[in-house]
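Q: Sequence order for the protein chains is A and B.
Position 251, counted from 1, in the first sequence is what my numbering calls 251; the numbers after and before it change by one each time, with no gaps.
Position 47, counted from 1, in the second sequence is what my numbering calls 47; the numbers after and before it change by one each time, with no gaps.
Number of protein chains: 2
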Amino acid sequence: MYTFEELSKLFIEKFEVDHFPASPKTLYDPNRYFLQLGGKRIRPVLCVMGNDLFDVINPDTWPVAKAIELFHNFTLIHDDIMDNAPLRRGMQTVHEKYGQSTALLAGDVMLVKAYDYLNAISRDYSKNIIALFNKTARQVCEGQQLDMDFEKKQEVGFEEYLNMINLKTSVLLAASLQLGAILGGASERNQQLIYEFGRKLGLAFQVQDDYLDAFGDPDKFGKQVGGDIKANKKTFLLIHALEAASADQKTALNELLHSDGDNKVEQVLAIFKACKVDQWAASLKEQFMNEAFTHLEDIAVVAKRKEPLKQLANYLVEREH
Amino acid sequence: MYTFEELSKLFIEKFEVDHFPASPKTLYDPNRYFLQLGGKRIRPVLCVMGNDLFDVINPDTWPVAKAIELFHNFTLIHDDIMDNAPLRRGMQTVHEKYGQSTALLAGDVMLVKAYDYLNAISRDYSKNIIALFNKTARQVCEGQQLDMDFEKKQEVGFEEYLNMINLKTSVLLAASLQLGAILGGASERNQQLIYEFGRKLGLAFQVQDDYLDAFGDPDKFGKQVGGDIKANKKTFLLIHALEAASADQKTALNELLHSDGDNKVEQVLAIFKACKVDQWAASLKEQFMNEAFTHLEDIAVVAKRKEPLKQLANYLVEREH
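Structural data, given as structure tokens:
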């Protein structure tokens with residue numbers, strides 16, 4: 001049994017190989033560049049933890065974890081094109097550095113490489129693994145499309161926003177854990193529980209993320225507070241505020257969304273506070289966390305084996321940065 | 001044993017299902033739109049023919065053929081973005097009709113669906129099938145990247161151009177046949193022979209394509225002759241002309257490539273003819289066809305079973321439109 005930190009170290013070691021052929025460099029160097037930008041590698045490590053929860057680490061878990069991380073990076077490269085984002089982890093995005101067409105192709109070939117790793121595992125469970133991987137990949141694309149659709153929509157309800165976040169963010173965390181659980185020989189029921197644990201953890205994480213962007217301590221947060229508000233980004237907070245606001249508050253909020261004034265952030269935050277959006281977000285997060293932990297408790301393995309996942313979950317959602 | 005036309009009819013029937021979930025329509029309607037634009041479905045039918053050459057049709061050949069056609073359409077959607085192409089088969093491209101971000105995402109999800117079909121086949125050969133599919137997918141991406149690299153290069157040699165066309169066009173035809181052969185229980189040697197047959201056929205096809213664009217009969221060709229010349233597209237003809245031309249002809253040709261005059265096509269064609277590019281292309285095509293047919297003859301099955309492939313090959317490469 002290992003902690004997140006221990007497995008993270010092990011995974012990063014194994015992931016630091018060259019995943020791509022030497023040439024053409026014009027296609028593969030962009031992928032090498034992007035992967036060396038790093039990242040917390042949370043999803044692949046969740047996969048290994050999902051295995052470790054049930055049994056000693058199955059050697060096939062490593063290629064599956066690699067496939068998950070490559071898939072995640074593929075989505076980042078393509079999302080950056082769609083969002084026209086100049087920076088990722090403080091460095092140039094692939095399309096910014098190498099051009100859009102190459103970024104598109106480099107992403108494509110990164111996804112193909114993920115399937116190469118999946119094709120390396122034992123036939124005993126490869127069908128289940130690939131089926132869950134594909135379902136999740138499709139859902140992540142659906143989440144990204146809904147996110148883009150919402151940008152053009154005036155009103156987005158809480159339930160449809162929740163569904164979008166679930167697809168765009170949560171299901172990959174959930175599936176990473178379940179893929180590991182399959183490799184650890186978990187029963188169908190235990191697989192579902194770990195999946196739901198991951199899904200609810202993902203939702204709590206996103207609420208936290210939205211909360212910190214608005215109400216975080218600027219010294220601890222590390223980036224400018226209010227970025228989502230400035231960008232008129234739909235978040236848990238804004239969507240709830242529009243639903244909870246009085247008619248006057250709603251008018252004021254909608255006016256602010258169409259303005260670009262100097263104290264826009266302060267004014268939006270004042271309405272958020274008046275609508276008690278901060279308290280609501282804190283309790284929504286707690287609700288998702290409680291649900292996540294209930295699923296974790298229901299899993300039929302001794303409590304001690306669950307400790308690393310509990311610690312990680314608390315770390316991810318209690319963080320202030 | 002079936003002809004190309006018979007298998008084409010069978011495949012199109014089986015392919016006319018809804019490959020995608022009902023919602024979100026904003027993501028999946030673009031894919032439905034693109035697939036109903038049609039196409040000759042040559043690659044998936046080659047896959048079924050590769051099976052039919054060796055044995056009765058394995059039911060698993062149909063999902064593999066579907067995966068090949070979805071993969072091909074995924075590459076077309078993404079290539080159209082990269083080429084900024086407004087039309088495909090006379091209709092709006094996906095990015096033109098639905099926007100670039102959606103086209104990117106729709107292509108991604110189409111590739112994922114291809115892997116769903118591959119995951120449906122028997123474990124007995126799924127590893128070999130997916131390995132060849134992945135290798136080919138990677139090569140097609142490499143070919144597209146090289147093609148883009150060549151656009152920016154002043155001089156491209158015959159060998160590097162041949163390598164690019166091989167990757168971008170030929171290997172998918174070759175692999176389609178080999179995937180069918182694997183499903184038909186062909187030996188390793190017979191698999192390699194059918195692969196090489198397809199590869200050489202693809203090269204002959206591309207030479208023919210380039211030839212018709214320059215020297216085709218406008219009445220039979222169906223589209224304007226000289227399109228490649230107008231677009232300064234690197235083709236077998238141009239690359240050979242630049243290698244075979246005298247110093248004066250080369251200077252004239254390079255000047256024409258940088259001009260946009262009314263009779264550019266006529267002048268370039270005159271240099272092509274002076275350099276005997278037309279004869280050279282005809283003999284290059286014949287060479288590739290001869291090599292293709294030699295590989296086909298070497299396959300250890302009775303001659304009668306090879307007839308449909310021979311007929312198709314002649315049809316593809318003798319066509320004047």
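For each residue, glycine too, the CB sits at the ideal point set by N, CA and C.
Fair warning: this is a prediction, and the values are worked out from it, not measured in the lab.
1) Of all the CB atoms in chain A, is at least one closer than 8 angstroms to the CB of D116(B)?
2) Determine whether the Cβ of N119(B) lies closer than 8 angstroms to any Cβ atom of chain A.
3) Here's the rule I'm using: 16 or more other beta-carbon atoms within 10 Å means buried, otherwise exposed. How should P308(A) be labelled?
4) Pull up the distance between the alpha-carbon of D108(A) and that of V268(A), whole angstroms please.
5) Alpha carbon to alpha carbon, what distance is there between L212(A) and H321(A)?
6) Check H321(A) in the structure and name its three-state DSSP category.
7) By Cβ distance below 6 angstroms, which residues in the same chain neighbour T102(A) in space, the five residues on each side in sequence not counted?
8) Determine the contact status of D60(B) and L183(B), defining contact as a CB-CB distance below 8 angstroms.
9) Anything in the segment 148-181 of chain A with a Cβ closer than 8 angstroms to a Cβ of chain B? List those residues in chain order, please.
10) Kindly list, in the order they appear in chain A, the residues whose Cβ is closer than 7 angstroms to that of T26(B).
11) Using C-beta distances below 6 angstroms, list every residue in its chain close to F74(A), excluding the 5 sequence neighbours before and after it, in chain order.
12) Taking C-beta to C-beta, are L70(A) and A114(A) nearer than 8 angstroms?
13) Note down the Cα distance separating R43(A) from F272(A), rounded to an integer number of angstroms.
14) Closer than 7 angstroms between beta carbons: that is the criterion. Which residues of the segment 55-82 of chain A meet it against chain B?
15) Quick check: what's the CA-CA separation for P24(B) versus F236(A)?
16) Looking only at C-alpha atoms, which of Q192(A), L203(A) and A231(A) sits nearest to G261(A)?
17) Quick one: grab the DSSP three-state call for R88(A).
18) Quick check: what's the CA-CA separation for C275(B) versus A214(B)?
19) Could you please tell me which residues of the segment 2-26 of chain B, in chain order, have their CB closer than 7 angstroms to any CB of chain A?
20) Is the Cβ-Cβ distance between L177(A) and I165(A) less than 8 angstroms?
21) Between which residues of its own chain and K285(A) is the CB-CB distance below 6 angstroms, once the five residues before and five after are set aside?
22) Following the continuous alpha helix (DSSP H) through K40(B), name the residue where it begins and the one where it ends.
23) Taking just the CA atoms, how far does Y28(A) sit from L146(B)?
24) Where does E155(B) sit, in a helix, a strand or coil, going by DSSP?
25) For Q100(B), tell me which candidate among M91(A), E16(A) and D80(A) has the shortest Cα-Cα distance.
26) For A131(A) and chain B, any beta-carbon pair shorter than 8 angstroms?
27) Hey, which unbroken runs of the alpha helix (DSSP H) at 4 residues or more fall wholly within the segment 140-194 of chain A?
28) Tell me whether H258(B) is buried or exposed, calling it buried when 16 or more other Cβ atoms sit within 10 Å of its Cβ.
29) Kindly say whether E96(A), judged by its beta-carbon, lies nearer than 8 angstroms to any beta-carbon of chain B.
30) With a threshold of 8 angstroms between beta-carbons, can D108(A) be considered close to chain B, or not?
31) If we define contact as Cβ-Cβ less than 8 angstroms, is K233(A) a contact residue for chain B?
32) In angstroms with no decimal places, state the Cα-to-Cα distance between I68(B) and G198(B).
33) Just checking: is the beta-carbon of L111(A) within a distance shorter than 8 angstroms of some beta-carbon in chain B?
34) Can you give me the start and stop residues for the alpha helix (DSSP H) that F34(B) sits inside?
35) Would A22(B) and C47(B) qualify as a contact pair, given that the criterion is a beta-carbon distance under 8 angstroms?
36) Exposed or buried, which one is A300(B) when buried takes at least 16 other CB atoms within 10 Å?
A: On the basis of the supplied data:
1) yes
2) yes
3) buried
4) 40 angstroms
5) Confidence is the limiting factor: at H321(A) the pLDDT is only 46, short of 50, which leaves the residue's position unreliable, though a coordinate-based value still follows. Computed Cα separation, rounded: 8 angstroms.
6) Residue placement at H321(A) is flagged as unreliable, the pLDDT there being 46, under the threshold of 50; the coordinate-derived value follows with that caveat. Three-state DSSP puts H321(A) in coil, outside helix and strand.
7) P30
8) yes
9) M148 and D149
10) Q145 and D149
11) G107, M110 and L111
12) yes
13) 32 angstroms
14) H78, I81 and M82
15) 21 angstroms
16) A231(A)
17) strand
18) 14 angstroms
19) P24 and T26
20) no
21) A204, V207 and Q208
22) Unbroken run through K40(B): none, as it is neither H nor E.
23) 12 angstroms
24) coil
25) D80(A)
26) yes
27) 158-165 and 171-183
28) exposed
29) no
30) yes
31) no
32) 15 angstroms
33) yes
34) K25 to L35
35) no
36) exposed
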